[in-house]
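The sequence shown begins at 1 in full-length UniProt numbering and counts up one residue at a time.
For reference, the structure is listed below as structure tokens.
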Amino acid sequence: MDTTHDQPITQPLTQPSRRTILRGGLATGTVALAGAGLVVDSRPSAAAVIPVADPFTLGVASGDPEPDGFVIWTRLGLDPLAADGLGGMPSTTYQLNWQVATDDRFADVVKAGAVAAQPGWAHAVHVEVTGLLPGCEYFYRFRLGRHLSAAGRAVTAPSALEMPSALAMAFVSCSNFPAGYFTAYGRLAEERPDLILHLGDYQYEGGGNGVGRNHAGPETTTLAGYRQRYAQYKSDPDLQAAHAAAPWLAVWDDHEVDNNYAGDIPEKVAETPTFLARRAAAYRAYYENMPLRRSSVPDGPNLDLYRRVQWGRLANFHMLDTRQYRSDQACGDGYKDCPDAADPARSLPGTAQEQWLLDGFRASTARWDLLGQQVFFGRRDNNPTAATTASMDAWDGYPASRQRVTQGWVDAGVRNPVVLTGDVHAHWASDLYLDYDNPGDVVGSELVTSSITSGGNGYDSPTGQHPWAAWNPNLRFWTNLRGYVSTTITPSELTARFRCVPAVTTPGAEAFTRAEFVIDDGVRGLRQSADHPLPTTSSLRRSGPTDEQIVADTIREETHGSE
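Next comes the structure, spelled out in structure tokens:
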């Protein structure tokens, strides 16, 4: 057994630092932070009395796999919903022991060490485990005194030169606690994929009540509030199961901070003077609660999140941040006919991230290049009789930026470009074009996951078509049910299954595959291979909503998704 220790961050948090991150991979160096004048001491306190109650109430997680390891995470909480956001933990540093084994009974422990759980970080820990074998399954757990955490499962990425025979990957988005039960997370956990992508809206900032369960505390604007909100979400057993089932690649969208914010501009203009302080609190809480590497430790209101993860020669995952650097929405928010949106100076990912993505396309030799990102990429014009009227918050509101990205993968000869999307609370499948006004050849595909709960139960259509598909030829499939997308990626094809649960307002629903699409290697566009609409006897089959109501529901969920 190899015994190692991680490197806790011990620099004072009073001075901001600027960092140069090597964007081609995942930087792992220790960095200094800007924060609230707090000096973190990683030494366990002499008064660190082991709690009597189980402190591992928030589960475990792993993330960002590489060929030699991954991040493992936990956070201590005796009273997860404590209003101060500290989980009922004493202001004491605890030393946690961790283990990584090749079996779930931990008979063959191959790595072990210790890490300090510090009150300044809400007793969250991130261990970057190294020295493991590529392309292998492992199990991990933490210990504090006699208390043992649940065991989590993780896998390492294949070696850079290996062509894996298959990758089981799923992606999810938009889990609003009051909107319903997180059953879809539990069903995903049962699949035990190799990798899970979370594409944003992990938690919702709004206050108020919902169906069956309510948010603790008011709208989140402070570090204490965001910490409490994450703890409430992480107390959910289905979410804990999904984290424990596989390593995650996580990126955020807007509700981790504020609905439809853009860069340093909040949804409500009146909140601008205090928004960066709110963003700093939200970003810090996000890092504390996600299995992220040290390259993502926040620096005040800034956090480096976009990154590239390689899965052997099979796939590159380009994980984007479409919130922190974007130009403000043109003409205000919502669906608009807005000529100003086409200004080529405007960018959704920001000019630096855009260039990083284009450089990644040019350097790629992978069979599949997958963009894990947040907002709808293809066109969705909502008015067939007028000029293009589209969402200012999606790539439709940044058409020049979208065209540069799309042209970039075409010019680079990317073999199989696939965009993976969340945000919109419904399943969609879309072909992608260089010019949506004059569609020519299909140049890529977009797969969009529905929400875990946001939007409530929803409904299905027997045709699998949204009303907008009549004049948007790129739109191939839609259902307003909740769920996730489960994929199998091989050298010859990518198979995407749109998994749905029939209801989220009651727990325990079974999941089913509503539709299945295949993307064949070297062939642009989607090929539908299965279609399973809800039976006519189902109360969630579309029978009542008119086309007008479906459109109204679509726009409401995308513009006021936290309400």
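C-beta: ideal position from N, C-alpha, C; glycine also.
In the DSSP assignment, find the alpha helix (DSSP H) that holds S401 and state where it starts and stops.
S401 -> alpha helix (DSSP H) spans 399-411.
With distances taken from CA atoms, which of F512, D521, V518 is nearest P535?
Nearest of F512, D521, V518 to P535, Cα basis: F512.
Is I50 buried or exposed, if buried means 16 or more other CB atoms sit within 10 Å of its CB?
With fewer than 16 Cβ atoms within 10 Å of its Cβ, I50 is classed as exposed.
Run through DSSP, which three-state label would G217 get?
The answer is coil: DSSP assigns G217 none of H, G, I, E or B.
Going by Cα to Cα distance, which pick from D337, V375, Y398, A530 is closest to A387?
Comparing Cα-Cα distances from A387 to each of D337, V375, Y398, A530, the minimum goes to D337.
Mind reading off the beta-carbon distance from C331 to A342? Whole number of angstroms is fine, and I expect it under 8 Å.
So it is not a contact: roughly 11 Å between Cβ atoms.
Which class does D41 belong to by DSSP, given the choice of helix, strand or coil?
Any reading at D41 is ruled out, since the residue's pLDDT is 44, under 50, leaving its predicted position unreliable.
Here's a check: name, in chain order, each residue in its chain whose Cβ is nearer than 7 Å to the Cβ of F362, leaving out the five neighbours to either side.
Sequence inspection shows Arg at residue 362; the Phe mentioned does not correspond to that position. Excluding residues within five positions, the ones whose Cβ falls inside 7 Å are A412.
Can you give me the C-alpha to C-alpha distance between P467 and Q549, rounded to a whole angstrom?
Roughly 10 Å separates the two Cα atoms.
If the criterion is Cβ atoms closer than 7 Å, does the pair G59 and V71 meet it?
No, the Cβ-Cβ distance between G59 and V71 is not below 7 Å.
Cβ of G312 within 7 Å of Cβ of E162?
Result yes, Cβ atoms of G312 and E162 sit closer than 7 Å.
Might you give, ordered along the chain, the residues of its own chain that have their beta carbon closer than 6 Å to the beta carbon of L132, omitting 5 neighbours on each side?
Hits under 6 Å: D68, G69, T156.
I'd like to know if the segment 198-206 and the segment 173-180 are in contact, where contact means that at least 3 CB-CB pairs between them fall below 8 Å.
Segments in contact, yes.
Check the DSSP bridge columns for K336 and list the partner residues they point to.
Paired residue(s): A390.
When DSSP builds the beta bridges, which residues end up paired with P417?
DSSP lists D369 as partners of P417.
Enumerated in chain order, which unbroken segments of the alpha helix (DSSP H) with a length of 4 residues or greater are wholly contained in the segment 222-253?
With a minimum length of 4 residues, the continuous alpha helix (DSSP H) runs that stay inside the segment 222-253 are 223-234, 237-245.
For L494, which residues does DSSP report across the bridge?
Partner(s): I489, I519.
A285 and R326: beta carbons closer than 7 Å?
Going by C-beta atoms, A285 is not nearer than 7 Å to R326.
Return the first residue and the last residue of the beta strand (DSSP E) that T505 is part of.
Neither: T505 is in no beta strand (DSSP E) and is coded neither H nor E.
Can you tell me whether L96 is buried or exposed? The criterion is at least 16 other CB atoms within 10 Å of its CB, across all chains shown.
Buried.
Expressed to the nearest angstrom, what Euclidean distance is found between the alpha-carbon atoms of P55 and S461?
Cα to Cα, P55 sits roughly 45 Å from S461.
Could you round the C-beta distance between S173 and L144 to whole angstroms and report it? I think they count as a contact, below 8 Å.
With 8 Å as the limit, S173 and L144 do not qualify as a contact, their Cβ atoms being about 33 Å apart.
Are there three or more Cβ pairs, one per stretch, closer than 8 Å when the segment 399-412 is compared with the segment 490-498?
With the cut-off at 8 Å, the segment 399-412 and the segment 490-498 do not touch.
Candidates T449, L434, N316: which alpha carbon is nearest A426's?
Selected option, being the one with the closest Cα: T449.
Just to confirm, is the Cβ distance from F477 to G458 under 7 Å?
No; because the gap between Cβ atoms is not below 7 Å, this pair is not in contact.
Can you confirm whether the segment 345-362 touches the segment 282-302 when touching is taken to mean that 3 or more C-beta pairs between the two stretches lie within less than 8 Å?
Touching, no.
Can you tell me whether N382 is buried or exposed? The criterion is at least 16 other CB atoms within 10 Å of its CB, across all chains shown.
Per the 10 Å Cβ criterion, buried.
Alpha carbon to alpha carbon, what distance is there between W395 and P417?
Cα to Cα, the separation comes out at about 17 Å.
How should V115 be labelled, buried or exposed, when 16 other C-beta atoms within 10 angstroms of its C-beta is the threshold for buried?
The residue in question, V115, is buried, as its Cβ has 16 or more Cβ neighbours within 10 Å.
Rounded to whole angstroms, what is the Cα-Cα separation between S445 and A48?
Cα to Cα, S445 sits roughly 53 Å from A48.
Can you tell me whether V523 is buried or exposed? The criterion is at least 16 other CB atoms within 10 Å of its CB, across all chains shown.
It is exposed - the Cβ of V523 has fewer than 16 other Cβ atoms within 10 Å.
Quick check on DSSP: helix, strand or coil for P550?
One point to set straight first is that residue 550 is Ile, not Pro, in the sequence displayed. Note: I550 maps to helix in three-state DSSP.
Which stretch, first to last residue, makes up the beta strand (DSSP E) that contains R307?
Element bounds for R307: 307-311.
So which of M392, A366, S364, T365 has the shortest CA-CA distance to V375?
With distances taken between Cα atoms, V375 lies closest to M392.
According to the Cβ coordinates, are L475 and S529 closer than 7 Å?
Against a cut-off of 7 Å, the Cβ pair of S529 and L475 comes out as no contact.
Select from Q240, A224, L314, A112 the residue whose C-alpha is nearest the C-alpha of D369.
The candidate whose alpha carbon is nearest that of D369 is L314.
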